[in-house]
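Undergrad: Start counting the sequence shown at 1; every next residue gets the next number (UniProt numbering).
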Amino acid sequence: MGLKAGCEAPIFILPFSSDPFLSTNIVGRGIMIGAIVMFTLAGILLIALGLKARSNARKGESRSVRQSPDYIKVPQRPESINKIYDAFSDTAKGASYKINPYEMTCTCPDFVDRRANYKPNDVRRACKHLARFLRNLDVICDEDEFLAELLEESGGRGGVPHFLYQRQIFDTTPVLIGFSPSWSGVKVFSRERQPRDAPKQYTGPVNCTEYDLERRAWTSIDKPYGAREIKRLINNIVR
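1. Considering only the beta carbon of each residue, do Phe170 and Ile230 sit closer than 8 Å?
2. In terms of residues, what are the limits of the alpha helix (DSSP H) holding Asn82?
3. CA-CA distance, Ala92 and Pro109?
4. Nearest to Tyr97 by CA position, among Val123, Asn121 and His129, is which residue?
5. Compare the Cα-Cα distances from Tyr166 to each of Ser220, Glu145 and Val188 and report the closest residue.
6. Is it the case that the stretch 201 to 210 contacts the stretch 220 to 228, given that we only count it when at least three CB pairs across the two stretches are under 8 Å?
7. Have a look at Val238 and Val74 and give me their C-alpha separation to the nearest angstrom.
8. Phe88: buried (16+ other C-beta within 10 angstroms of its C-beta) or exposed?
9. Judging by CA-CA distance, which residue of Thr107, Tyr102 and Arg124 is the nearest neighbour of Ala95?
10. Just to confirm my understanding: we take Arg135, look at its own chain, exclude 5 residues before and 5 after, and list those with CB closer than 7 Å. What are they?
11. Cβ of Arg191 within 8 Å of Cβ of Tyr202?
12. Which residue from Asn82, Gln76 and Gly185 puts its Cα closest to that of Asn121?
13. Going by CA-CA distance only, name the one from Gln168, Phe163 and Lys83 that's closest to Arg232.
14. Using a 10 Å radius around the Cβ and a threshold of 16 neighbouring Cβ atoms, would you call Ile84 buried or exposed?
15. So what does DSSP say about Arg191, is it helix, strand or coil?
16. Please determine, among Leu213, Pro199, Ser80 and Val112, the residue with the shortest C-alpha to C-alpha distance to Pro181.
17. Assign Val112 to buried or exposed, taking buried as 16 or more other Cβ atoms, counted over all protein chains shown, within 10 Å of its Cβ.
18. Between which residues of its own chain and Pro174 is the CB-CB distance below 8 Å, once the five residues before and five after are set aside?
19. Can you tell me whether Pro120 is helix, strand or coil according to DSSP?
20. Please tell me whether Ile81 and Val123 are closer than 8 Å, where the distance is taken between their beta carbons.
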């Protein structure tokens, strides 16, 4: 359609005008909008991190123990072993450490760095050198087979010394359930069931198994006998 005489054609101003004032104004608005978007995204990220931290804190709270567990005590050692023994290192060839199994002391780095502050009769003081010596004492391990296995587990390479244990009863048989404030894993010491065992009485060897509180699943290769009932014990202890 043509234009009538005397009428001017409409003028369209493009976003990127050749007018320097108009172009500067548009660029400034773009920078402002970009800054607003960046601050908004940063705020969302901070809120998300805060919610995650709160969630993790709640998980930690949910793993608190209803009843304060106690440390497992090593029975009184005979006075005859109140002396210094040499314990050879498994990793450094030719190296050895000095142990006193009566006083429960050792010069190895594991004991000095992680275990020395526990009480003298606390099983968590036993590094692998002390644990090895104590396991060979009949007066110790004949009294408590659970203690013998606990010494091996706690004092072994990579053992976790900060576990606290509760003694529970499962079908008239004691079990040890261990918790750590810095780990979601639960250690369970329980007996195997033997074919000759009477109902609800288990006389088999003591085994250590692990249960993960976050995954709500057994993580060890073998589950303990009566895994479902032991899981209930764990859930009753943990909030």
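Beta carbons: idealized from backbone N, C-alpha and C, even for Gly.
Quick caveat, the model's predicted, so the values are computed rather than measured.
TA: So, to answer that:
1. yes
2. No residue range can be given for Asn82, since it is assigned to no alpha helix (DSSP H) and is classified by DSSP as neither H nor E.
3. Just so you know, the alpha carbons of Ala92 and Pro109 end up roughly 12 Å apart.
4. For the residues Val123, Asn121 and His129, the minimum Cα distance to Tyr97 belongs to His129.
5. Inspection of the sequence shows that residue 166 is occupied by Gln rather than by Tyr. The option with the nearest alpha carbon to Gln166 is Val188.
6. yes
7. 26 Å
8. exposed
9. Thr107
10. Cβ neighbours of Arg135 within its own chain (closer than 7 Å, five residues either side excluded): Cys141, Ala148, Leu151 and Glu152.
11. Arg191 is a Cβ neighbour of Tyr202, given a cutoff of 8 Å.
12. Gln76
13. Gln168
14. Flag for Ile84 reads exposed.
15. strand
16. Leu213
17. exposed
18. Phe146, Arg167 and Gln168
19. In the structure shown, Pro120 adopts coil according to DSSP, grouped into three states.
20. Not a contact, by the Cβ cut-off of 8 Å.
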